[in-house]
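K.L.:
Sharing a structure with you now.
Protein chains: 2
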Amino acid sequence: MNFSSRLLENAVTEFSKLPGIGQKTALRLVLHLLNQPTQDVERFSDALTRLKKEIRFCEVCKNISDNSICEICSSRKRDKSLVCLVEDTRDVMAIENTNQYNGVYHVLGGLISPMDGVGPSDLNIDSIVERVKAGEIQEVILALSATMEGDTTIFYLYKKLKDFPVKFSTIARGIAFGGEIEYVDEITLGRSIVTRVPYETSLR
Amino acid sequence: MNFSSRLLENAVTEFSKLPGIGQKTALRLVLHLLNQPTQDVERFSDALTRLKKEIRFCEVCKNISDNSICEICSSRKRDKSLVCLVEDTRDVMAIENTNQYNGVYHVLGGLISPMDGVGPSDLNIDSIVERVKAGEIQEVILALSATMEGDTTIFYLYKKLKDFPVKFSTIARGIAFGGEIEYVDEITLGRSIVTRVPYETSLR
Numbered sequence: 001m002n003f004s005s006r007l008l009e010n011a012v013t014e015f016s017k018l019p020g021i022g023q024k025t026a027l028r029l030v031l032h033l034l035n036q037p038t039q040d041v042e043r044f045s046d047a048l049t050r051l052k053k054e055i056r057f058c059e060v061c062k063n064i065s066d067n068s069i070c071e072i073c074s075s076r077k078r079d080k081s082l083v084c085l086v087e088d089t090r091d092v093m094a095i096e097n098t099n100q101y102n103g104v105y106h107v108l109g110g111l112i113s114p115m116d117g118v119g120p121s122d123l124n125i126d127s128i129v130e131r132v133k134a135g136e137i138q139e140v141i142l143a144l145s146a147t148m149e150g151d152t153t154i155f156y157l158y159k160k161l162k163d164f165p166v167k168f169s170t171i172a173r174g175i176a177f178g179g180e181i182e183y184v185d186e187i188t189l190g191r192s193i194v195t196r197v198p199y200e201t202s203l204r
Numbered sequence: 001m002n003f004s005s006r007l008l009e010n011a012v013t014e015f016s017k018l019p020g021i022g023q024k025t026a027l028r029l030v031l032h033l034l035n036q037p038t039q040d041v042e043r044f045s046d047a048l049t050r051l052k053k054e055i056r057f058c059e060v061c062k063n064i065s066d067n068s069i070c071e072i073c074s075s076r077k078r079d080k081s082l083v084c085l086v087e088d089t090r091d092v093m094a095i096e097n098t099n100q101y102n103g104v105y106h107v108l109g110g111l112i113s114p115m116d117g118v119g120p121s122d123l124n125i126d127s128i129v130e131r132v133k134a135g136e137i138q139e140v141i142l143a144l145s146a147t148m149e150g151d152t153t154i155f156y157l158y159k160k161l162k163d164f165p166v167k168f169s170t171i172a173r174g175i176a177f178g179g180e181i182e183y184v185d186e187i188t189l190g191r192s193i194v195t196r197v198p199y200e201t202s203l204r
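Chains as they are written, first to last, in UniProt numbering: chain A, 1 to 204; chain B, 1 to 204.
Now the structure itself:
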């Protein structure tokens, strides 16, 4: 693209580094910001630099938090013997939105992915081993994505943790509510038959 | 959404004010930036604040520029008697990319749109009237979008400028290269027959 200004080009280049944002979208976003009052643009960039500088991660569960211990980990109402292992903070938000879970979390910060150069040492794995070793945890729910990276990570974690006296569970795979059986892929459908639940359970 | 941190929520709120960016996309972008090194995030927000603070608009054509007169207006190779009226800097970039135009531009900064509260006084209309009044301009190309706002703006400009001794032209409407006749809408097809050009012209 032929930019009429180097300042404009810089801003567009920075924006187009974001995932899913191409040059044309970046230009649209930058021109939108340019049309906003200066204080709005400053608020935008301040929010980002403050986030990056002041962000903390909960010392227990490694979730993004404003305090050294996050609200979930410091809540008395939460069951500390039940830990849900998730990839990132978005998964915590998604599970919290269901209002069905009363345990605590452990945020890995990613999944093992040799293709992207992410190994076990890049993730919060040592800290979950420490937590399990401490003895308070009775059940670990492995709530990772059903992808190759998710399965690899689950396998690695299972090997690390299997000698401790904790129960392991994974979230149920099956047909989503509203899903029609004829359109479900065969692997999911097959598993949903093998892992069928008593009808009474499904009513709960 | 239930955010685990107010800093995170602020950043997501700011991002989701951008056009076409919803809360989920905003969260994805913010978490991506959070995973980048601090200097990258600073470069990102610096590029924006610098753009907003230091940006200038060419005194002649009102296009975004690093100098008081932009490269196009200060170039000796450009034909100053030919002015192309466009909505914003993206249109200048698009026309420049064709390498077919050797005149100069005038950037309106928007289109007249009463629905969005944009009136003639919000646009760079007085300055084009001044430029035409100065006498150097011989032809004005009206290169605005073929929308209601574009047509309204063209009509307004035409009324303002029609008493000056300048020629007006609009960019040709017609069937795009690669377009199939049977799929073209009837208005475009109709106009393309009425405004047909000699075959020899089309070969140039």
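The C-beta atom is built at its ideal place from N, Cα and C for all residues, glycine as well.
Treat the numbers as computed from the prediction; the structure is a model and nothing was measured.
Between A:T195 and A:A172, is the Cβ-Cβ spacing less than 8 Å?
P.N.:
Yes.
K.L.:
Per DSSP, which residues does A:V107 bridge with? Please list them.
P.N.:
DSSP, once it has assigned bridges, lists A:V86 as partnering A:V107.
K.L.:
Quick one: measure Cβ to Cβ for A:L85 and A:L142, integer angstroms, because I've assumed they're closer than 8 Å.
P.N.:
Right, the Cβ-Cβ distance comes to about 5 Å (below 8 Å), so this counts as a contact.
K.L.:
According to DSSP, is A:E59 part of a helix, a strand, or is it coil?
P.N.:
In the structure shown, A:E59 sits in coil (DSSP, three-state: anything other than H, G, I, E or B).
K.L.:
In the DSSP assignment, what residue or residues form a beta bridge with A:F168?
P.N.:
DSSP output for A:F168 lists A:V140 as bridge partner(s).
K.L.:
Using a Cβ-Cβ cut-off of 7 Å (strictly less than) and excluding sequence neighbours within five positions of B:V129, which residues of its own chain qualify?
P.N.:
For B:V129, where only same-chain residues beyond five positions count, the Cβ hits under 7 Å are K160, L161.
K.L.:
Any residues in the segment 72 to 101 of chain B with a beta carbon nearer than 8 Å to a beta carbon of chain A? Which ones, in chain order?
P.N.:
Taking 8 Å as the Cβ-Cβ cut-off against chain A, the residues of the segment 72 to 101 of chain B that qualify are I72, D88, T89, R90, V92, M93, E96, N97.
K.L.:
Report the neighbours of B:E54 on chain A: residues whose CB is nearer than 9 Å to its CB, in chain order.
P.N.:
L7, listed in chain order.
K.L.:
From A:Q23 to A:S192, what does the alpha carbon distance come to, in whole angstroms?
P.N.:
So the alpha carbons of these two residues sit roughly 43 Å apart.
K.L.:
Less than 8 Å between the CB atoms is what I'm expecting for B:E14 and A:R43, so what's the real figure, rounded?
P.N.:
That belief holds up - the Cβ atoms of B:E14 and A:R43 are roughly 6 Å apart, short of 8 Å.
K.L.:
Just the Cα atoms here: how many angstroms apart are B:L7 and A:C58?
P.N.:
Cα to Cα, B:L7 sits roughly 14 Å from A:C58.
K.L.:
With a threshold of 8 Å between beta-carbons, can B:P19 be considered close to chain A, or not?
P.N.:
It does; some Cβ of chain A falls within 8 Å.
K.L.:
Using alpha carbons as the reference points, say which of A:E71, A:K52, A:K53, A:V118 lies closest to A:G103.
P.N.:
The shortest Cα separation from A:G103 among A:E71, A:K52, A:K53, A:V118 belongs to A:E71.
K.L.:
Looking at chain A, is there any beta carbon in it that lies within less than 8 Å of the beta carbon of B:V60?
P.N.:
So no, B:V60 is outside the interface.
K.L.:
Can you check DSSP and say which residues form a bridge with A:V41?
P.N.:
DSSP lists no partner for A:V41.
K.L.:
Let's test the definition: count the other Cβ atoms within 10 Å of the Cβ of B:K52 and tell me whether it reaches 16, buried, or not, exposed.
P.N.:
Counting Cβ neighbours within 10 Å, B:K52 comes out buried, since at least 16 surround it.
K.L.:
Could you tell me whether the Cβ of A:A47 comes closer than 8 Å to any Cβ of chain B?
P.N.:
So yes, A:A47 belongs to the interface.
K.L.:
Measure the C-alpha to C-alpha separation of B:V166 and B:T98 and round it to an integer number of angstroms.
P.N.:
Roughly 25 Å separates the two Cα atoms.
K.L.:
When you check each C-beta in the segment 116 to 149 of chain A against every C-beta of chain B, which residues fall closer than 9 Å?
P.N.:
Here the close residues number zero.
K.L.:
Assuming A:T49 and B:V30 form a contact by the criterion Cβ under 8 Å, report the distance between their Cβ atoms to the nearest whole angstrom.
P.N.:
Contact flag wrong, Cβ pair sits at about 12 Å.
K.L.:
Do you know whose CA, among A:R28, A:I21, A:S5, lies nearest B:P19's CA?
P.N.:
Minimum Cα distance to B:P19 is reached at A:R28.
K.L.:
Would you kindly report the start and end of the unbroken alpha helix (DSSP H) that includes B:C73?
P.N.:
Unbroken alpha helix (DSSP H) run through B:C73: 71 to 74.
K.L.:
State the Cα-Cα distance for the pair B:L189 and B:I181, rounded to the nearest angstrom.
P.N.:
Cα to Cα, the separation comes out at about 8 Å.
K.L.:
Put B:V197 into one of helix, strand or coil per three-state DSSP.
P.N.:
Three-state result, B:V197: coil.
K.L.:
So A:T38 contacts chain B; which residues on that side make the cut at Cβ distance below 8 Å?
P.N.:
Near A:T38 (Cβ distances below 8 Å), the residues of chain B are K52, K53.
K.L.:
Would you call the CB atoms of A:N67 and A:T89 closer than 8 Å?
P.N.:
No. Outside cutoff.
K.L.:
Give a yes or no on whether 8 Å exceeds the smallest Cβ distance from B:L157 to chain A.
P.N.:
Chain A contact via Cβ: absent.
K.L.:
Residue range of the alpha helix (DSSP H) that A:Y158 falls in?
P.N.:
Where A:Y158 is concerned, the enclosing alpha helix (DSSP H) stretches over 148 to 161.
K.L.:
Rounded to whole angstroms, what is the Cα-Cα separation between A:N35 and A:T147?
P.N.:
Answer to the nearest angstrom: the Cα atoms are 42 Å apart.
K.L.:
Residues in its own chain within less than 7 Å of A:I55 by CB, not counting five upstream and five downstream?
P.N.:
Result list for A:I55: I64, in chain order.
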